[in-house]
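There are 2 protein chains.
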Amino acid sequence: MAVTIKDLSAYLGLSPSAVSKALNGYTDISQETRNRVFAAAVKLGYRPSAIARGLKTGRTFNIGIVYSENSGSGFTHSYFSPVLESLKAEAEIQGYDITFISSSMRASGQKAMTYLQHSQYRNVDGVCIVCCEFNDPQIIELVNSGIPVVTIDRPFEGKACVASENVQGMKALVNYIISMGHKKIAMIYGSPSNITTIRLNCFIETMKENGIPLLEGYLVESLYHNPGAVKEAVAKLLSLPYPPSCIVLPDDFASLGAIELIEERKLKIPEDISIAGFDGVPILQMLHPRITTVLQDTFTIGREAAKLLINQIEDSENFIPRTVEVATKLIKGETVANNRR
Amino acid sequence: MAVTIKDLSAYLGLSPSAVSKALNGYTDISQETRNRVFAAAVKLGYRPSAIARGLKTGRTFNIGIVYSENSGSGFTHSYFSPVLESLKAEAEIQGYDITFISSSMRASGQKAMTYLQHSQYRNVDGVCIVCCEFNDPQIIELVNSGIPVVTIDRPFEGKACVASENVQGMKALVNYIISMGHKKIAMIYGSPSNITTIRLNCFIETMKENGIPLLEGYLVESLYHNPGAVKEAVAKLLSLPYPPSCIVLPDDFASLGAIELIEERKLKIPEDISIAGFDGVPILQMLHPRITTVLQDTFTIGREAAKLLINQIEDSENFIPRTVEVATKLIKGETVANNRR
DNA sequence: TGGTCATACTAAAACGATTTAGAAACATTT
DNA sequence: AAATGTTTCTAAATCGTTTTAGTATGACCA
């Protein structure tokens, strides 16, 4: 059906190799022949077969995406989805398609592949790891396999990474809350997720810097991106003898659990209790009260991840692994009350 | 690096063809040899190369996804994303990966490929079209190319399709609104989108069946999944001399525009004005007021689409193109006021 | 004993590209 | 005139599979 290089060569009276060379810019082809080849390629509608080329060259122009499988949200994940969207767009500009790498793929009745095996099976040129379970042994195996890798949010020794300036963002958020007059500030941090641990540490440090005491029971472990778990955590905080006036949540999406509980208790945000999230999920900024949060630049994160990965693939000798930090922005929103007297 | 069939054959003292046949269940291989081959495959960690197999057999176990590019939402699209998520999950179960087919891909400096060319370039076994611009000439070309195709929401003559029971869903919604005592009901319908036209017709018909007059200016064309455009449309309706008591919107996400405008006008939902959406977007059901809407079963839609496509790929002779209709469910929510006296 | 038939394998071509080595044609140098 | 160099092409191998055709071996039958 599709036009092959053989069809072209027959049409032109050339050898297949000459046609291939002409198309690929080899210098031992005359300008005239090159022109004829290009003209014929357009005329006959020739398209190279990605898989044939991939077989011979070992390059597929396909990048693998390890995407948070167990988050339960998939493509609807409020933070990863827009990152992925941007990553895909940039990859496409550079001529790469993306393939999702899972740990449940099985080919012809064999048992499930690991991430690494799936990557090899599809011969991806590199892999971008967009998820939050970096302690998974399969992730470790993949990162150390030698395949070009970029991770999002969590740096690995000697590997490329793209992450928000979490520390700066968190600091700005906590300073803002404090500047609004809050003293009784609690934090719910998510697990399992390396990123929320970084934010937790930053929270503690910023409180200390401001000389604000951290009351007993004010740090609650919960789950990232999980409204249900966060709802319980908020309940725990509100039933303390000295409940906080402001609660910092693991992320915006999880704030839905907080909002639900607070409504059930017939309390008002922010008059009775203030909350803050992290991420800057667009849909939540379209509703009232607009949540006070830290905007992550998902567009830049995704784009930089793609660039970093493709650089690495195409110029692996000169590539220097590094972590690219992407600026965040405080969104003051409407969920932190002014407590100054 | 990776173990090939040749490595296996050398290890076992067999010909590559024997190994291949053993792995693929040919009957002219003795049971004993077959066992040895499988054992060696496991031991050496053999994984077939998808591209080599694809080159020879013409089957890549890859399905193409044409995904709403111009919606501006990408992976964050409130309706398509969960459909895609489910589709991907089912495809994976059946051993297929997915590849996004775009109309902007360019390989080695050539000009952008059409959807069909991109599909051929990647040798996908079939394509699922998940978008709302079915009049795009490139979509038509793809649908008629002979590649196995499944569409979502919009049937094509002689092709497989999966769609919600839009008519039943819309009817239920309108009947519910009427049962709540509303008489002045307006509709904002989205364009360009075939699906909202179906819903519009159904709205008109259901109104007629109930003997409720459709007042002048009560049908407003706007845009699907576009809060900004819908906001304007609502403004138009509210400035009518006889404004509606209830507005049916193109979809849940677009309702954000309606809510914004209504808040700006210092009106209350549903006391002053009732609204209803379509889709059943989960995040909006977690907030108050929960929007009155029609839940689309995105999980089933995605799964059925994958099944239909893979059936067609794997048994094309016996495949009978058909439209699978998926049931919808009315969510009464909190945005339609009780107007019965 | 020679012919037929299964059985269980091997050889080789093929898929569609790329790439290395080599060759033909012609020009240039010594 | 022979040697050398340039330019521009072709031949053939190769990537890792699958698949068709063919072959060796032994069994069975007449």
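Going down the list, the protein sequences come from chains A and B. So that you can map any letter, position 194 of the first sequence is 194 in my numbering, and since no number is skipped, the others follow by simple counting. So that you can map any letter, position 146 of the second sequence is 1146 in my numbering, and since no number is skipped, the others follow by simple counting. Cβ atoms here follow ideal geometry from the backbone N, Cα and C, with glycine treated the same way.
Straight across, the Cα-Cα distance linking residue 214 of chain A with residue 333 of chain A is about 24 angstroms. Cβ-Cβ distances below 8 angstroms link residue 272 of chain A to 262 in the same chain, with the five nearest sequence neighbours on each side left out; the list follows chain order.
If you ignore the 5 residues before and after residue 129 of chain A, its C-beta comes within less than 6 angstroms of the C-beta of 66, 151, all in its own chain and listed in chain order. Counting only the Cα atoms, residue 1161 of chain B lies some 54 angstroms from residue 175 of chain A. When the alpha-carbon of residue 279 of chain A is set against those of A:139, A:40, A:163, the nearest one is in A:163. Taking 7 angstroms as the cut-off, the Cβ atoms of residue 1121 of chain B and residue 47 of chain A count as close. Taking 3 residues as the minimum length, the beta strand (DSSP E) runs contained wholly in the segment 1291-1341 of chain B are 1293-1296, 1323-1326, 1328-1331, in order along the chain. Burial state of residue 1304 of chain B is buried, judged by a 10 Å Cβ sphere holding 16 or more other Cβ atoms. A distance below 8 angstroms between beta-carbons, with the five flanking residues on each side excluded, links residue 99 of chain A to the following residues of its chain, in chain order: 62, 63, 64, 65, 122, 124.
Setting aside the 5 residues that flank it on each side, residue 95 of chain A is surrounded in the same chain by 61, each with a C-beta closer than 7 angstroms to its C-beta; the list follows chain order.
At a Cβ-Cβ threshold of 7 angstroms, residue 274 of chain A and residue 337 of chain A count as neighbours. The beta carbon of residue 178 of chain A sits closer than 6 angstroms to the beta carbons of 210 from its chain, once the five residues preceding and following it are set aside; these are given in chain order. Measuring C-alpha to C-alpha distances from residue 1325 of chain B to each of B:1077, B:1241, B:1168, B:1341 identifies B:1168 as the nearest.
Three or more beta-carbon pairs separated by less than 8 angstroms link the segment 237-250 of chain A to the segment 178-194 of chain A, which places the two stretches in contact. For residue 122 of chain A, the neighbours in chain B by C-beta distance under 7 angstroms run, in chain order, 1050, 1097.
Counting only Cβ-Cβ distances below 9 angstroms, residue 1100 of chain B has contacts in chain A at 88, 92, 97, 98, in chain order. Here the alpha carbons of residue 140 of chain A and residue 1131 of chain B stand approximately 37 angstroms from one another.
For residue 286 of chain A, the chain B residues whose Cβ falls inside 9 angstroms of its Cβ are 1227, 1256, 1257, 1259, 1260, in order along the chain.
Using a Cβ-Cβ cut-off of 8 angstroms, residue 1113 of chain B is close to 47 of chain A, given in chain order.
DSSP places residue 175 of chain A within a helical segment (H, G or I) once states are collapsed to three. Short of 6 angstroms from the beta carbon of residue 1310 of chain B, and not among the five residues preceding or following it, lie these beta carbons of its own chain, in chain order: 1094. Here residue 1145 of chain B has 1116 as same chain residues with Cβ atoms under 7 angstroms from its own Cβ, once five neighbours each way along the sequence are excluded. The three-state secondary structure of residue 1151 of chain B, taken from DSSP, is strand. With contacts defined as CB atoms closer than 7 angstroms, residue 80 of chain A and residue 1084 of chain B fail to qualify as a contacting pair.
Counting of Cβ neighbours within 10 angstroms places residue 1206 of chain B among the buried residues, the total reaching 16 or more. At the C-beta level, residue 1284 of chain B and residue 1172 of chain B stay beyond 7 angstroms of one another. With contacts defined as CB atoms closer than 7 angstroms, residue 166 of chain A and residue 204 of chain A fail to qualify as a contacting pair.
Using a Cβ-Cβ cut-off of 8 angstroms, residue 105 of chain A is close to 1092, 1095, 1097 of chain B, given in chain order. In the DSSP assignment, residue 248 of chain A forms a beta bridge with A:187, A:276.
Judged by beta-carbon spacing, residue 1240 of chain B lies beyond the 7 angstroms limit of residue 1277 of chain B, meaning their Cβ atoms are not closer than that value. Put simply, the backbone Cα of residue 321 of chain A is about 28 angstroms away from that of residue 55 of chain A. Residue 1114 of chain B carries a coil assignment under DSSP once its states are collapsed to helix, strand and coil. Distance between residue 154 of chain A and residue 195 of chain A, taken at the CA atoms: about 7 angstroms.
For the options B:1182, B:1059, B:1317, the alpha carbon positioned closest to that of residue 1050 of chain B is the one of B:1059. Boundaries of the beta strand (DSSP E) around residue 1160 of chain B: 1160-1164. Residues of chain B whose Cβ lies closer than 7 angstroms to the Cβ of residue 117 of chain A are, in chain order, 1047.
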